[in-house]
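Okay, structure first, notes after.
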Amino acid sequence: MAQDNRQSPPPRFTIEEEQTILYRRFNAQGTQFTVRLLPPHEGQDSNPMSHFLDSVTELFEYALRDLEDSDMVGITISNDVAVKDRAIAISFRRRDQIKGDVIWSVFEKVAQSNARFNALDKLVMTVHSVRMPAGNGGSKIASKGRPLEIMARLKKVSYKSQRKVTVWLTP
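When you read off a place in the sequence shown, starting at 1, and then add 1122, the result is the number in the numbering used here.
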C-alpha cells in the first residue's frame, strides 16, 4: 500500500477562544470564536487579497462544520480591539448559501464605506444557527400515486368525517 506523503497545508488562522451557547427553547445555537488570521507562509501565494479570501473561507468552513445545509445561519465579524468600528454582518440564510462570493461581497461593502477594519487584529466571529424542523406536516393520507384533485377530495372527506356529529332521537 502506497503511503501518502502530501503534507497538510499550514493553518491560515489560529483560534484563541471558542464559546458555545445552546438556546433549547428556540432550537438555536450561538458560537463565538476569537481568531487571528495569519499572514501568508513561505512558498504560499503572496497576493494579499487571495490569501485573505482563502483564510476567511477556511475559517467559515471550520465554523460551519457541524451544521446541516438546511440550517439558517447568521454571522457577524468584528475587531476585538476596536469595539466602536462597525461589525461585518451576513444576514440569516441557509448554510448551503454561504459561499466565498457572498462573503467577499459583504467585505467589499465594508471596504467601500469609510469603516475601518483590520484583518490582522484579533477577530470576534459570532455564528448564530437555527436548526430548521424537517417534516411534511404529518399528513396521514398516503397519495399512492393519485392526482392532486383526488387527494384534495379525499382530504376534504376525511376532514368532514372527523367533524361528524351523531344525534340521538328518542321516540
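Glycine included, C-beta positions come from ideal geometry on N, C-alpha and C.
In this text the structure is predicted, and so the values were computed from the model without any measurement.
- Here the stretch 1218–1225 makes no contact with the stretch 1161–1170; the two share fewer than three CB pairs at distances below 8 Å.
- Of the residues L1144, G1267, Y1184, the one whose Cα lies closest to the Cα of P1133 is Y1184.
- For V1178, the uninterrupted alpha helix (DSSP H) run begins and ends at 1170–1185, by DSSP.
- For H1250, the beta-bridge partners assigned by DSSP are G1152, G1196.
- Judged by DSSP in its simplified three-state form, A1211 adopts strand.
- In terms of Cα proximity to F1148, the closest of H1250, I1212, L1276 is H1250.
- Spanning the alpha carbons of A1150 and V1252 requires a straight line of approximately 4 Å.
- Rounded to the nearest angstrom, the gap between the Cα atoms of L1245 and D1193 is 24 Å.
- Across the structure, L1186 and P1269 are spaced so that their CA atoms are roughly 41 Å apart.
- In the DSSP assignment, Q1141 falls within the beta strand (DSSP E) that extends over 1135–1145.
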